[in-house]
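Novice: Under the working numbering, the first residue of the sequence shown carries the number 61, and numbering increases by one thereafter.
Okay, handing you the structure first.
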Amino acid sequence: MGIKNSIPRLDAVDKVTGAAKYTEDLIPINALVGKTLHSTIANGTVRAIDVDEAWKIPGVVDILTCFDVPDWEYATCGHPLSLDPAHTDVANKRILTKRVRYYGDEIAAVVAESDLAAQKALEAIRVEYEELPPLLTPEAAVISGIPLHEKSPDNQGGRMDFIIDESQNVRFYQGTFSMDPCIGGHVDLRGTKFHVPAQQHCHIENICCFAYMSGRKIVVVSPNQAPHTLRKHISDALGIPTGRIRVVKPYVGGAFGNKQDMFYEPLAALFTLRLGGRCVAFVMSREETFVNSRTRHAMDIWAAACVDDTGRITQKGIRLNAYSGAYGSNGHAVAAYAVTNYFQLYPALGKQVGESATVYTNMPSAGAMRGYGIPQVAFAMECQMDDLALRYHLDPVEFRKKNMMGLHFLDPFDRFLCASNGLERCIDRGCELVDWQAKRQAYDAFNHTSSNLKKGLGMAVFAYKTGVYPIQLETASCRMLLNDDGSLQIQVCATELGQGSDTVFAQIASEITTIPEENVYVVSCQDTDVSPHDAGAYASRQTYVSGSAVKQTAEILRKKILNRAACLYEADSKDLALDGGRITGRDGAVLGTVRDVAVRMQYTNSTKINSEHLTAESTYTMRHNAFAFGASFVDLEVDVPIGKIKINRVIAIHDSGQILNPALARAQVHGGVAMGIGYALTEQMLFDPETGKMRNDNLLDYKIPTAMDIPQIDVEFVETYEPSAPFGNKALGEPPMIPQAPAIRNAVLHATGVAVYELPLTPERLIHAFIQAGLIQPLSCEHIAET
61 MGIKNSIPRL DAVDKVTGAA KYTEDLIPIN ALVGKTLHST IANGTVRAID VDEAWKIPGV
121 VDILTCFDVP DWEYATCGHP LSLDPAHTDV ANKRILTKRV RYYGDEIAAV VAESDLAAQK
181 ALEAIRVEYE ELPPLLTPEA AVISGIPLHE KSPDNQGGRM DFIIDESQNV RFYQGTFSMD
241 PCIGGHVDLR GTKFHVPAQQ HCHIENICCF AYMSGRKIVV VSPNQAPHTL RKHISDALGI
301 PTGRIRVVKP YVGGAFGNKQ DMFYEPLAAL FTLRLGGRCV AFVMSREETF VNSRTRHAMD
361 IWAAACVDDT GRITQKGIRL NAYSGAYGSN GHAVAAYAVT NYFQLYPALG KQVGESATVY
421 TNMPSAGAMR GYGIPQVAFA MECQMDDLAL RYHLDPVEFR KKNMMGLHFL DPFDRFLCAS
481 NGLERCIDRG CELVDWQAKR QAYDAFNHTS SNLKKGLGMA VFAYKTGVYP IQLETASCRM
541 LLNDDGSLQI QVCATELGQG SDTVFAQIAS EITTIPEENV YVVSCQDTDV SPHDAGAYAS
601 RQTYVSGSAV KQTAEILRKK ILNRAACLYE ADSKDLALDG GRITGRDGAV LGTVRDVAVR
661 MQYTNSTKIN SEHLTAESTY TMRHNAFAFG ASFVDLEVDV PIGKIKINRV IAIHDSGQIL
721 NPALARAQVH GGVAMGIGYA LTEQMLFDPE TGKMRNDNLL DYKIPTAMDI PQIDVEFVET
781 YEPSAPFGNK ALGEPPMIPQ APAIRNAVLH ATGVAVYELP LTPERLIHAF IQAGLIQPLS
841 CEHIAET
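Spelled out as structure tokens, the structure:
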């Protein structure tokens, strides 16, 4: 009972038996089918749309084009409302658009009685475009002179440029877009270029929603990560009060940050308003989810560092150009998060220069994805650390230890102290488990005599913040109701995405109230008309922030139960305690149960006691932040002639503070490692350079790891205690993904001596690198003809 126990997930049985109802399961059988018409150009303007033939298709109920919808812009990102103009989300999306910004942009929509009728209607629509050349890289977009958004004439959606002095003071300045390897023009900070591609979330459940009218309210059902923020965005998009909108969030079939954004919810709501409240459903196909939802930001990164004779980093710099895609979504926040992390994990002794830009391109919009920019910068940063260690003949582990963030480090940007830090212990434990020194030496000896098969051992570390304070408000609310059978009901709007937060909330409540988890019911499906406000599920904040709200509310309820019990049992509340749902006195004698108190307070008909339904509700404001840490070690083999990597073992060691449910925590790490392996080896979104159309928008051509591709994964935790957390816990949902790609790349470097600076590490990319390094010889045309 309570925290630190591996109790089963509350939703496990429903999910594995199919009893859990997801959004598509709840669409009424008579719902109208909505479909969007996607542009067949990547850049340009819609001049005219002819829908006459579409209206003739039997079953068509309504059609909207980009010329028919409200002509104002709104934000889509799932961050809570910020009253600080400097931190508001970017508002540059319309329900349907005349200005086409990527191949597949939504320019019209059809509602019909059936899927077939809606599809036929789309095929009957004729569109006239004024086409412009696709701009698929930040450089092309900036120099083109063709603005994708009027407010960004040079297509830069945001910048963050700064210098950190020796006293860790930050001075911001306004930089300019550049591809110059010399960071900020400093010739002593000449960077190595890295490139990381866009990545798709590939959650099982595609993007979907439906809307209908209930009385005066528009009800929108969506598997969104932040229901209250979604309601606000729908209100902005339609120009109607939030009180007229009700958002319902059922079970979520995976999200990884993608469902933090708003997609077709305003369109579904607009159609139901036009059609007298009839239910209208939009369900993206897998191909649409690839292109029309969000992606991880692709980035071009230049990283530079100088090292003294003692192995200390004396100065460093980074330039980071992020591919925003067509729309703002999270704006510059992802790039800013990435560029600042570069100076947190390994602070230099002297000059530190950071420059970053987020640039609109004619590609699918980038947004939040597991790790929020840190996997990208970690690839550059951790590869750089191994490169420097190799250059200066240093052990990669000892080089990191000498330069990494320590306890009480003051974040120069957010100005909070690192109050818990188990990173060195993570590294030491990983080295012990993998036998770092002995195995590296053994592999060196093996590789000296083996030309085709090489063996390598690599590692990488990370630091990741928990939540978003102080950049944005961190708030969460919780409501608890004691039922008359002594069971407890919990209502939160901290959404369960599969990470197990509902289960941990039940454990927290049980820890405080001593009511066993089997008698704690967490309402997993949120409803903005009922669920108390929460900022939502992102930034690995759930247990840290929302868990604090649950703990605080449980303490209020516990106090209330004991106070009412004191009245009923004529005792002093200070002498009473809760134990497994029982009320005990000073001598430990059982005076009654929580059930007794609930029933008597609810139903006693007396002039001495007022009836009361025992409830508690509170809002918690988090005014702290905390770094989670970890290290990943990868043991692999490289078949040099064919460029194939075989990962034999991954060891993942994490400092996420106190682990509240060990089994759930290990599962989180396993999932994150698997996602990181995909990012490292196979996943990339490919686009036609002439048209901007995505070439591999399906799960056949876009390669994610299968069960056959996942190696042995060993997980351990180094438990520190984070004083700002409800129970000493820190971030865990996103961090496991972060260090895998650089650890794999560094293992390849150890195995082959060849440094690769771009992901994914496909056989094609490795073979080119091996040829360039002289490890293998390219086949001649004559040899190919002979074979």
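Here a beta-carbon is modelled for each residue, glycine too, at the ideal position from N, C-alpha and C.
Just so it is clear, the structure is predicted and the values come from calculations on it, not from any experiment.
(1) Closest to M220 by C-alpha separation, out of F331, S353, L651 and A146, would be which residue?
(2) Give the single residue among F350, W362 and H453 whose Cα lies nearest to the Cα of A426.
(3) Based on the DSSP output, what are the partners of H828 in its beta bridges?
(4) Please report the Cβ distance between Q285 and L557, rounded to the nearest whole angstrom; I am assuming they are in contact, meaning their Cβ atoms lie under 8 angstroms.
(5) For R624, I'd like the list of residues in its chain whose CB is within less than 8 angstroms of its CB, leaving aside the five on either flank, ordered along the chain.
(6) Between the beta-carbon of A177 and the beta-carbon of I123, is there less than 8 angstroms?
(7) Reducing DSSP to helix, strand and coil, say where M754 ends up.
(8) How is the alpha helix (DSSP H) around W496 delimited, first residue to last?
(9) Check this for me: beta carbons of G703 and P823, under 8 angstroms apart or not?
(10) From V308 to S561, what does the alpha carbon distance come to, in whole angstroms?
(11) Between which two residues does the alpha helix (DSSP H) holding Y432 run?
(12) Determine, using beta carbons only, whether A408 and Q444 come nearer to each other than 8 angstroms.
(13) Per DSSP, what are the beta-bridge partners of C538 in this structure?
(14) Who are Y134's beta bridge partners in DSSP?
(15) I'd like to know whether the C-beta atoms of A341 and F270 end up nearer to each other than 8 angstroms.
(16) By the 10 Å Cβ neighbour count, where 16 or more other Cβ atoms means buried, how is G813 classified, buried or exposed?
(17) Tell me which residue opens and which closes the alpha helix (DSSP H) that L290 is part of.
(18) With a cut-off of 8 angstroms, do at least 3 Cβ pairs link the stretch 542-559 to the stretch 299-308?
(19) Cβ atoms of H263 and N352: under 8 angstroms apart, would you say?
(20) At the level of alpha carbons, what is the spacing between L622 and F565?
(21) Counting beta carbon pairs with one atom in the stretch 460-472 and one in the stretch 414-434, are three or more of them shorter than 8 angstroms?
(22) Compare the C-alpha of N481 against each of F522, F506, L454 and Y503 and name the closest.
(23) With 16 other CB atoms within 10 Å as the buried threshold, where does L330 fall?
(24) Have a look at V170, M423, R250 and Y397 and flag the residue whose alpha-carbon is nearest the alpha-carbon of T751.
(25) Determine the DSSP secondary structure at V312, reduced to helix, strand or coil.
(26) Can you find the residues in the same chain that come closer than 7 angstroms, C-beta to C-beta, to D369, ignoring five residues on each side of it along the sequence?
(27) So A366 is in the beta strand (DSSP E); what residue range does that whole segment cover?
(28) Give the secondary structure of Q612 by DSSP, where H, G and I count as helix, E and B as strand, and everything else as coil.
(29) Using a threshold of 8 angstroms, state whether the C-beta atoms of V694 and I804 are closer than that.
(30) If you reduce the DSSP assignment to three classes, tell me which class H730 lands in.
(31) Indicate whether V367 and I361 have their beta-carbon atoms separated by less than 8 angstroms.
(32) Helix, strand or coil for E347, going by three-state DSSP, please let me know.
(33) Express the C-alpha separation of Y452 and E458 in angstroms, rounding to a whole number.
(34) Restricting to runs no shorter than 3 residues, where is the beta strand (DSSP E) found entirely within the stretch 672-726?
(35) Taking only three categories from DSSP, how would you classify L409?
Specialist: On the basis of the data shown:
(1) A146
(2) Of F350, W362 and H453, the residue nearest in Cα terms is F350.
(3) Here H828 is not bridged, per DSSP, to any residue.
(4) 6 angstroms
(5) Only V657, M661, E672 and L674 meet the Cβ criterion.
(6) no
(7) strand
(8) Per DSSP, W496 belongs to the alpha helix (DSSP H) from W496 to T509.
(9) Against a cut-off of 8 angstroms, the Cβ pair of P823 and G703 comes out as a contact.
(10) Going from the Cα of V308 to the Cα of S561 covers about 18 angstroms.
(11) It is not in any alpha helix (DSSP H) - Y432 carries neither H nor E in the DSSP assignment.
(12) No, they are not a contact pair.
(13) V552 and S678
(14) K153
(15) yes
(16) By the C-beta density criterion, G813 is exposed, having fewer than 16 other C-beta atoms within 10 angstroms.
(17) P287 to L298
(18) no
(19) no
(20) 21 angstroms
(21) These segments do not touch.
(22) F522
(23) It counts as buried.
(24) The option with the nearest alpha carbon to T751 is M423.
(25) Note: V312 maps to coil in three-state DSSP.
(26) Non-local C-beta neighbours of D369 in its own chain, meaning closer than 7 angstroms and more than five positions away in sequence, are absent.
(27) Inspection of the sequence shows that residue 366 is occupied by Cys rather than by Ala. Run containing C366: M359 to V367, per the beta strand (DSSP E) assignment.
(28) Correct three-state label for Q612: helix.
(29) Yes, they are a contact pair.
(30) The three-state secondary structure of H730, taken from DSSP, is helix.
(31) no
(32) The DSSP-derived three-state label of E347 is helix.
(33) 12 angstroms
(34) 675-681, 687-699 and 704-715
(35) coil
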